[in-house]
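In my numbering, the protein residues as written are 97 to 290.
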């Protein structure tokens with residue numbers, strides 16, 4: 097009689113197959129976990145980059161806005177220097193009389209706070225409007241911040257000449273607040289040429 101061969105798989109091969117399937121499943125789980133973490137890192141980097149891009153775009157907008165001021169400064173640097181101080185005309189005694197409503201807003205604001213303003217007779221080569229301003233009511237510590245605020249609030253406004261005179265009735269180095277006689281010339285650059 098012939099011996100029969102047993103075609104049934106051995107339990108070791110089933111165990112080996114189960115171990116291989118479990119190892120493959122574990123490797124795939126590990127790979128998916130790492131892939132998810134890597135995607136989270138990419139999302140975080142993408143969010144950071146998006147924020148940096150928004151900041152860069154804001155800086156570019158600010159630089160474009162500052163180009164007007166930079167161009168105004170270059171225009172101001174090209175102005176010729178006067179050989180002597182301009183001879184200022186007599187300012188009106190009453191504040192703001194004769195000032196047209198078509199005058200620039202910054203000049204109207206200076207008149208509202210108490211300065212007298214008249215259009216200047218001096219004509220310049222660049223496209224600008226000049227005004228002679230003055231007052232006898234402001235103390236030094238009130239006048240200088242007013243001038244600084246006006247010049248900082250309008251990039252096309254420049255003060256060319258400033259003259260502060262102490263009243264003759266006030267002794268030098270007085271500790272009392274003293275209203276100074278102030279006269280200055282302001283220029284506002286305009287779009288058109290003359």
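In this text, a Cβ means the ideal position worked out from N, Cα and C, and glycines have one as well.
For residue 252, no beta strand (DSSP E) run applies, since DSSP gives it neither H nor E.
Where residue 281 is concerned, there is no enclosing alpha helix (DSSP H), although the beta strand (DSSP E) around it starts and stops at 277 to 285. Residue 216 sits in coil when the DSSP states are folded into three classes, being neither helix nor strand. Between the beta-carbon of residue 254 and that of residue 283 there is about 5 Å, and that keeps the pair under the 8 Å contact cut. 275 is the residue among 206, 275, 218 whose C-alpha sits nearest the C-alpha of residue 265. The beta carbons of residue 249 and residue 286 sit no closer together than 7 Å. Annotation for residue 206: the continuous alpha helix (DSSP H) segment containing it runs 201 to 208. By the 16-neighbour rule on beta-carbons within 10 angstroms, residue 230 is buried. Assignment of beta-bridge partners to residue 230 by DSSP yields 212, 279.
Under the three-state reduction of DSSP output, residue 222 falls in the coil class, being neither helix nor strand.
By the C-beta density criterion, residue 165 is exposed, having fewer than 16 other C-beta atoms within 10 angstroms.
Residue 228 sits close to residue 281, with the two beta carbons spaced by under 7 Å. The C-alpha of residue 128 is placed about 14 Å away from the C-alpha of residue 119.
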